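Report on one structure; see the data block that follows.
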Amino acid sequence: MWQEALYGPRGFYRRAAPADHFATSAQGLGTAGDLLAEALARLAERHGIRRVVEVAAGRGELLSGVARHAPDLELLGVEVVDRPDGLPAHLDWLVSPGGGRLPDELTGLTDTLLVAHEWLDVVPCPVVARSAADHPWHHVEVDRTGAERTGPPAIGADLDWLATHVPDHVGRAEVGLPRDTAYSDLVSRVDRGLVLAVDYGHTRDTRPPGGTLTGYRDGTQVPPVPDGSCDLTAHVAMDSLGADQLRTQREALHELLGPATIPPHDLARTRPTAYLHGLARANALATLTAATGLGGFWWATSRRGREHLG
Ligand SMILES: C[S@@+](CC[C@H](N)C(=O)[O-])C[C@H]1O[C@@H](n2cnc3c(N)ncnc32)[C@H](O)[C@@H]1O
């Protein structure tokens, strides 16, 4: 039902642009998106990358920023809608089925940075709650009005995942298996390069006790009703993805861009434009790295064909 509500013929993401409903590090927060794009351009340069591919490209906001910072990089956006108007001419586009499924054509990528920014949180996954004696977990089913009922017991691979990744204090959870599978599939599309998934999420020690499924519409958090009227999202179990490296956005951006330093006051008098630019950059970096906000997002990276990469 989650899949249908977001990616079915009348699904939310078939009609809605993410930027119309919420802001992310990539868009909707002033110059922050441009700074994130700069960081990706630096990451690409560091690894000798010649192409950046973005899954869950929204309306091309982040890739357009990358184009400004690194005009020589080849760019490809992958989304569930047709290519938006007004993108840089050299930015290619591929239409995707949606959710955990990627286009067949996305394969054999070389010298590529493959980015998925806030994709995994909208890959549908089972919602489960602990139950009594006979079975440890039951699925939580929902109808189109959002009313919940207890479904069948969780069994097989779902149950194994829960036993491995969910500690005792958690009473309701999202089974991360479809996100793990989606991430593995993403990584498998690159023969040589770097894969980066950025998302909000948790690790075993910080799993929220009551789960995280929620909805967003028009900039507001709403009940997760699967009728196609709102986004449906849940935090990602980042530590089960199997990435080579997991670090916070704060760590990643400080390493790529340096610390957020306010320009000296004197500059306001001598070079006012440079001063304002420096101030905006420091503010944007502070926004992207705030410890209790976007800085707590996770960057999961995997290298492919590492012997060829710097
Ligand atoms: C939360 S939004 C993030 C958009 C953008 N990356 C950003 O950070 O602003 C999730 C996006 O993922 C897209 N999406 C979901 N499944 C996808 C798939 N399999 N392939 C490509 N895009 C997908 C949705 O259509 C939606 O635009």
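All residue numbers for the sequence shown refer to the working numbering, where the first residue is 1319 and numbers rise by one. We treat Cβ as the ideally placed atom computed from N, Cα and C, and that holds for glycine. Just so we're clear, the structure is a prediction, and the values are computed from it rather than from any experiment.
Query, Result
"DSSP three-state assignment for H1483, whether helix, strand or coil", "helix"
"T1551: CB within 8 Å of a non-hydrogen atom of ligand 1", "yes"
"Reference I1367, options L1427, L1420, R1333, closest by Cα", "L1427"
"The segment 1348-1366 contacting the segment 1592-1611, beta-carbon criterion three pairs below 8 Å", "yes"
"Alpha carbon of A1481 to alpha carbon of V1513, nearest angstrom", "28 Å"
"Proximity test, G1416 beta-carbon vs ligand 1 heavy atom, cut-off 8 Å", "yes"
"T1342: CB within 8 Å of a non-hydrogen atom of ligand 1", "yes"
"Other residues of its chain near R1568: CB distance less than 6 Å, five sequence neighbours each side excluded", "T1607, G1613"
"Where E1423 falls: helix, strand or coil (DSSP)", "coil"
"Close-in-space but distant-in-sequence residues of the same chain around D1509 (CB under 7 Å, 5 per side omitted)", "G1426, L1427, T1428, R1622, G1623"
"Length of the line joining the Cα atoms of V1484 and P1527", "10 Å"
"Proximity test, G1376 beta-carbon vs ligand 1 heavy atom, cut-off 8 Å", "yes"
"For Y1534, the residue or residues it bridges with in DSSP", "Q1539, D1549"
"The segment 1319-1335 in contact with the segment 1392-1401 per 3-pair CB rule at 8 Å", "yes"
"Those residues which DSSP pairs with V1508 across a bridge", "L1427"
"Selected residue, minimal CA-CA separation from V1370, among V1384, G1376, E1379, R1497", "V1384"
"Helix, strand or coil at D1352 according to DSSP, with G and I counted as helix", "helix"
"Ligand 1 heavy atom lying under 8 Å from the CB of L1380", "yes"
"Nearest-angstrom Cα separation, counted from T1342 out to G1494", "22 Å"
"Span separating the alpha-carbon of A1618 from that of I1580", "29 Å"
"Completely contained beta strand (DSSP E) runs for the segment 1393-1473, where each covers 3 or more residues", "1409-1413, 1427-1435, 1445-1448, 1455-1460, 1466-1471"
"Nearest to A1344 (by Cα), restricted to the options D1517, P1444, D1461, V1460", "D1517"
"Outcome for T1591 when other beta-carbon atoms lying within 10 angstroms are tallied against a minimum of 16", "exposed"
"beta-carbon D1439 near ligand 1 non-hydrogen atom, thresh 8 Å", "yes"
"Spatial distance of H1626 from H1365 (CA atoms)", "Only weak support exists for where H1626 lies, its pLDDT of 49 falling under 50; the value from the coordinates is given anyway. The alpha-carbon atoms of H1626 and H1365 are separated by roughly 9 Å."
"Residue range of the unbroken alpha helix (DSSP H) whose run includes A1491", "Element bounds for A1491: not the alpha helix (DSSP H) but the beta strand (DSSP E), 1490-1492."
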